[in-house]
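Reading through the structure tokens given below for one structure.
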Amino acid sequence: MADAPAARGGTVIRTADARREILRAIRESLAESAAGGGAAREGPVEPRAAGPGSAVGSTGSADPGAKPRGSTGPAAGASKDVVSSFTERLAAVGAQCTVVRGEAAAAHALADILTDAAARRVVGSDAPLVQRLLSALGDGFVRERLEGLSRDGLFACDAGVTTAQWGIAETGTLVLESAREKNRLLSLVPPIHVALLSSTCLCDSLGDALARMSRASHAITLITGPSRTSDIELTLVVGVHGPQVVHVLLLEEEP
Numbered sequence: 018m019a020d021a022p023a024a025r026g027g028t029v030i031r032t033a034d035a036r037r038e039i040l041r042a043i044r045e046s047l048a049e050s051a052a053g054g055g056a057a058r059e060g061p062v063e064p065r066a067a068g069p070g071s072a073v074g075s076t077g078s079a080d081p082g083a084k085p086r087g088s089t090g091p092a093a094g095a096s097k098d099v100v101s102s103f104t105e106r107l108a109a110v111g112a113q114c115t116v117v118r119g120e121a122a123a124a125h126a127l128a129d130i131l132t133d134a135a136a137r138r139v140v141g142s143d144a145p146l147v148q149r150l151l152s153a154l155g156d157g158f159v160r161e162r163l164e165g166l167s168r169d170g171l172f173a174c175d176a177g178v179t180t181a182q183w184g185i186a187e188t189g190t191l192v193l194e195s196a197r198e199k200n201r202l203l204s205l206v207p208p209i210h211v212a213l214l215s216s217t218c219l220c221d222s223l224g225d226a227l228a229r230m231s232r233a234s235h236a237i238t239l240i241t242g243p244s245r246t247s248d249i250e251l252t253l254v255v256g257v258h259g260p261q262v263v264h265v266l267l268l269e270e271e272p
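What follows is the structure, encoded as structure tokens:
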């Protein structure tokens, strides 16, 4: 389906080719802006289907130290400046962040986040890390799986837990790729969204993130803070069209 041809102006364009061309144009435009209006790079810049190679946000075995073409941020790990910038921007857009080291600490932190929010009924994505952390929750929680869960059951959940494939330090944005896990409903429907993100997956900018995204993803969700909307009088309301709370669990690698 992704390669189905579409006719436009007498020319047959394949969807996959059009997608690559759109992403290339966006990256070149961002590169020009970052360079102060300099000339764009010559030749197409192909997106790379490279995962971070860590347990969070990756299903592949790509070299975590490899730096994709067009990438400007760290690939093997995130500097303190990038982590600080990301957490500061998260706070600025109304999201919360807890930095932990290792999976055991992440399990404790997840339990604390859910307890503090009085979130008892929790649904998780199919990501292995998510399932392991949910399994570690105590008896005070009701753990649901998206598969087989009815629409009413999903809306009855207090929190959804997913991974995020990338984090953009410049804007405090989470990037979720559909090819990595079943996450879209879980990041939109429950009033609380907890996203697990590896610090190795932090990017400096949107252009950096675009260069690293998987070509296999049919849907890419960008999340910058909780859901917000306002009426004609500019009265801001949080959580009308999505989660009221977005909490990022940022996992740093154990020494």
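Per our numbering, the very first residue in the sequence shown carries number 18; after that it's consecutive. Every residue gets a Cβ at the ideal spot worked out from N, C-alpha and C, and that includes glycine. These numbers were taken from a predicted model, which means no experiment stands behind them.
Under the three-state reduction of DSSP, which class applies to residue i: helix, strand or coil?
i      : result
Glu271 : coil
Glu278 : Since the first and last residues shown for the chain are 18 and 272, residue 278 lies out of range.
His235 : coil
Val99  : helix
Ile249 : coil
Arg44  : helix
Gly141 : strand
Thr217 : helix
Thr115 : strand
Gly242 : coil
Arg197 : coil
Val147 : helix
Gly177 : strand
Leu266 : strand
Glu164 : coil
Gln261 : coil
Ala212 : strand
Can you tell me whether residue i is buried or exposed? The criterion is at least 16 other CB atoms within 10 Å of its CB, across all chains shown.
i      : result
Thr217 : buried
Ala136 : buried
Phe172 : exposed
Leu251 : exposed
Ala235 : In the sequence under discussion, the amino acid at residue 235 is His, which differs from the Ala named in the question. Classification of His235: exposed, given that the 10 Å Cβ count is below 16.
Asp34  : exposed
Glu161 : buried
Glu194 : buried
Arg41  : buried
Val254 : exposed
Gly170 : exposed
Asp156 : exposed
Val7   : Since the first residue shown for the chain is 18 and the last is 272, residue 7 is missing from the structure and cannot be characterised.
Val62  : Confidence is the limiting factor: at Val62 the pLDDT is only 39, short of 50, which leaves the residue's position unreliable, though a coordinate-based value still follows. Buried, because 16 or more other Cβ atoms sit within 10 Å of the Cβ of Val62.
Gly165 : exposed
So which of the options has the shortest CA-CA distance to residue i?
i      : options                        : result
Arg245 : Ala48, Val147, Leu205          : Leu205
Thr104 : Ala48, Thr188, Pro208, Val254  : Thr188
Lys97  : Gly111, Ala112, Val116, Ala109 : Val116
Ser231 : Val192, Ile249, Pro208, Val100 : Val192
Ala186 : Ser215, Glu271, Gly119         : Ser215
Val110 : Ala121, Pro260, Pro243         : Pro243
Pro272 : Thr132, Gly119, Arg168         : Gly119
Pro207 : Trp183, Arg168, Ile237         : Arg168
Ser102 : Leu146, Thr190, Arg37, Val159  : Thr190
Ala121 : Leu150, Leu131, Leu107         : Leu150
Asp221 : Arg37, Val99, Glu270           : Val99
Gln182 : Leu203, Ile237, Ser152         : Ile237
Using a Cβ-based criterion (distance less than 8 Å to any ligand heavy atom), does residue i qualify as near the ligand GTP?
i      : result
Arg162 : Here there are no bound small molecules, and the ligand GTP is not part of this structure.
Return yes when the Cβ of residue j is within less than 9 Å of the Cβ of residue i, no when it is not.
i      : j      : result
Ala144 : Leu213 : yes
Gly134 : Ile209 : The amino acid occupying residue 134 in the given sequence is Ala; Gly does not appear at that position. In this structure, Ile209 lies closer than 9 Å to Ala134 by Cβ.
Leu47  : Leu223 : yes
Thr180 : Leu146 : yes
Val262 : Gln148 : no
Leu107 : Leu131 : no
Given 8 Å, three or more beta-carbon pairs between the stretch 195–205 and the stretch 122–139: no
Cβ pair count under 8 Å reaching 3, the stretch 264–271 against the stretch 220–230: no
Touch test, the stretch 132–148 against the stretch 172–189, Cβ-Cβ under 8 Å, three pairs minimum: yes
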